[in-house]
Structure formats: structure tokens, C-alpha cells
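Per this note's numbering, residue 9 is the first one in the sequence shown, and the count goes up by one each step.
Every residue gets a Cβ at the ideal spot worked out from N, C-alpha and C, and that includes glycine.
Being a predicted model, the structure only gives us computed values, none of them experimental.
Below is one structure, written out as C-alpha cells, with a few remarks after it.
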Amino acid sequence: MSVHISTTRQAIAGIFDRHDRVFLAFSGGKDSAALAHLCRPWRDRLTLLWMNTGAAAPFMRDHVLSHRADFEVIELHPDRPMIENWQEWGIPADLIAVENLATVAWREPKVQPWLACCAVHRLQPAITFMESVRGPCPLLIGQRSADKGGTVAGLASAFPAHVEVAMPLWTWTDAEVRTFVAEQGIRLHPHHAECPTSIECVRCPANLSAEKLRLLDRLYPDDAAFARNAARYTLAAAAAKATEALNVINGTGLAQREIRA
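Printed below as a string of C-alpha cells:
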């Protein structure tokens, strides 16, 4: 572990050697908090970028902005409210029938892949901000290979060519991050003991977990109810298409387009 930390620190030092100003995508979760801690020797040249989706848990906003005591923190926002995005593109969902996509619009309700929604509300604000930064500059991201959230090259390709995207924790395991956070006394919001993820959208009906719903039930019951009902709504749409397709395959029913008045 000590060798791992040393290698990561050397990589970060190299980035600060090449650049006068460094940006870090900061969610307030354990990974970005660990990364910010590793950058503390250069904190006067580090800027934390927090993407406020507009639906973050209020306690997360307070927690993130409290880091202004140690770092420069810039709060970024999507270019329009989340509800307007949902009205145009549909509710984010885990399972989607192609006909329900807004770009196809063959049947209701409209739904969108939750990754598309995250791209608009969590990624695009950072892209827009980095586009405004003149000259070569780095963006540090706490993404790890174990997260299964894409590749370094894939995420880097979303940003302008003058941005050096780096993921210093890429090879770290979840256990290594937790151990480092505990050993270094890194401050996390207390909710991590119950739900070890940052709560960036309290109303999202996709990519849910039991621990997140338990936390929302306790702190934000109205949002928990909305997320559950919206998830049931999108899952019912996917199930209806699956049932229709299975009935056609099994010879027990017709496709919707075959049912003519």
C-alpha cells in the first residue's frame, strides 16, 4: 500500500510540475476526497470543481462547500433545470425499450438511459468549464478501474484537446481507498457510514441501491417515494415491451403494430 501511495504521489507531483494550475472533479465522495488530500502540498494551485446537478442532497452541498476552508471550490451547474431535461428526453431508466426513447417516440412513456442524464448533469458542466480555460491544463478525476465507469481514454475524449485528463487512483481498489481515508483522517460526510456513495441526485429512479433508498427514506422520504414510483413506471414500460415480444416469440400474442382497429 505504501508503494502504491508513493507511486500515486509521484504521478501527481509530475502533473503539478507541468502545470501552474490544476483542476479536480470533486463530488465529496471518498475517491475525490482522497485525491484532494493527496494534492494538499499544492493546494494553493488546486481548484475543486463541484457539479451541482440541481438535485443533490442539501447536506452534500454544505459538505462540499465546507472545503473552501482549505481549497478553492467552484460550483458548476447544468445549463437548464433537470426537470426540463426529463420533460424533453424522458425519465432516466435502467431498462429501456427502444420505442420509448425520445428520438424514436413510438410509445409512451419517454425514457432515457441514466448514463445520458448523468452526462448532461454531472459531466457536461465540467466540459463547458474546461473549454473556457485557456492554454494546456489538467483535470484530475477520482475514477478507478474497479468502478467500471469507462476508460481513461474514453473519458479524456469528452474534453477539449488542451485538457490533460488524469486519473491517479485508477489502479486503486475500493479497500485501498477506504484504508487510506481512515489512516489519513480524511473528512467524509457521516452518511458514508450508511451509504458509502455521494448523493448527487436524490430523485434519480435509476442505478438505485438498497442503502441509498434507506438513507433517502430516513432523510428525504418524499424524494425516496418519487424515485421508487418513477422506477416502477419505467420498469413497467420495459416489462410491457418484453411481455409483448415474448408473446410474439411464443405464438401467444401479437406485436402492438399488428393490433389494428
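* Asked: Can you tell me the Cα-Cα spacing of R10 and W180, whole angstroms?
  -> Looking at the sequence itself, residue 10 is Ser, so the reference to Arg does not match. Rounded to whole angstroms, S10 to W180 spans 12 Å at the Cα level.
* **Bridge partner(s) assigned by DSSP for C145** => Per DSSP, the beta-bridge partners of C145 are V171.
* Asked: Under 8 Å, do L73 and A134 count as touching if we go by C-beta distance?
  -> Note that the C-beta distance between L73 and A134 is not below 8 Å.
* Asked: With a CB to CB cut of under 6 Å and the five nearest residues on each side skipped, what residues in its chain are close to C125?
  -> Same-chain partners within the cutoff: P100.
* Asked: Can you tell me where the alpha helix (DSSP H) with T251 in it begins and where it stops?
  -> Per DSSP, T251 belongs to the alpha helix (DSSP H) from 229-258.
* Asked: Under 8 Å, do L103 and L243 count as touching if we go by C-beta distance?
  -> Closer than 8 Å, so yes.
* To do: Since I believe V128 is in contact with P89 (beta carbons under 8 Å), could you give me their beta-carbon distance rounded to a whole number of angstroms?
  => That belief does not hold up - the Cβ atoms of P89 and V128 are roughly 11 Å apart, past 8 Å.
* To do: Flag this pair as touching only if the stretch 171-180 and the stretch 41-61 have three or more C-beta atom pairs under 8 Å; answer yes or no.
  => In the pairwise beta carbon analysis, the stretch 171-180 is classified as touching the stretch 41-61: at least three pairs are separated by under 8 Å.
* To do: Would you list, in sequence order, the uninterrupted beta strand (DSSP E) runs of no fewer than 3 residues that lie entirely inside the stretch 96-154?
  => Fully enclosed beta strand (DSSP E) runs of 3 or longer: 99-101, 119-121, 145-148.
* Asked: Can you round the beta-carbon distance between A42 and L57 to whole angstroms, since I take them to be within the 8 Å contact cut?
  -> About 16 Å; that fails the 8 Å criterion.
* What residue does the beta strand (DSSP E) around E80 start on, and which one ends it? -> Counting along the chain, E80 sits inside the beta strand (DSSP E) bounded by residues 80-84.
* To do: Let me know the secondary structure DSSP gives F31 once reduced to three states.
  => When secondary structure is reduced to three states using DSSP, F31 falls in the strand class.
* T55 lies in the beta strand (DSSP E); which residues open and close that run? -> For T55, the enclosing beta strand (DSSP E) begins and ends at 54-59.
* Asked: Which residues in the same chain as A214 place their Cβ atom closer than 6 Å to its Cβ, once the five residues preceding and following it in sequence are excluded?
  -> Scanning its chain for C-beta atoms nearer than 6 Å, with the 5 sequence neighbours on each side dropped, one finds around A214 the residues P100, A101, D102, W122, in chain order.
* Beta-carbon separation (whole angstroms), C203 vs E219, contact threshold 8 Å -> About 4 Å; that satisfies the 8 Å criterion.
* **Where I207 falls, given that 16 or more other Cβ within 10 Å makes a residue buried** => By the neighbour-count rule (16 or more Cβ atoms within 10 Å), I207 is buried.
* To do: Using the Cα positions of E107 and H170, report the straight-line distance between them to the nearest angstrom.
  => Going from the Cα of E107 to the Cα of H170 covers about 39 Å.
* To do: Give the C-beta separation of A105 and A246 to the nearest angstrom, bearing in mind that I take them to be a contact with Cβ-Cβ under 8 Å.
  => Confirmed, about 5 Å.
* Measure how close the beta-carbons of W97 and Q120 come, nearest whole angstrom, since I'm counting them as under 8 Å. => So it is a contact: roughly 4 Å between Cβ atoms.
* Kindly examine the ligand SAM and report whether one of its heavy atoms sits closer than 7 Å to the Cβ of P49. => Absent from the structure shown: the ligand SAM. Ligands present: none.
* To do: Would you please verify whether the beta carbon of A110 is less than 8 Å from any beta carbon of chain E?
  => Here there is only one protein chain, and chain E is not present.
* Asked: Does DSSP classify S165 as helix, strand or coil?
  -> For S165, the secondary structure class from DSSP, reduced to helix, strand or coil, is coil.
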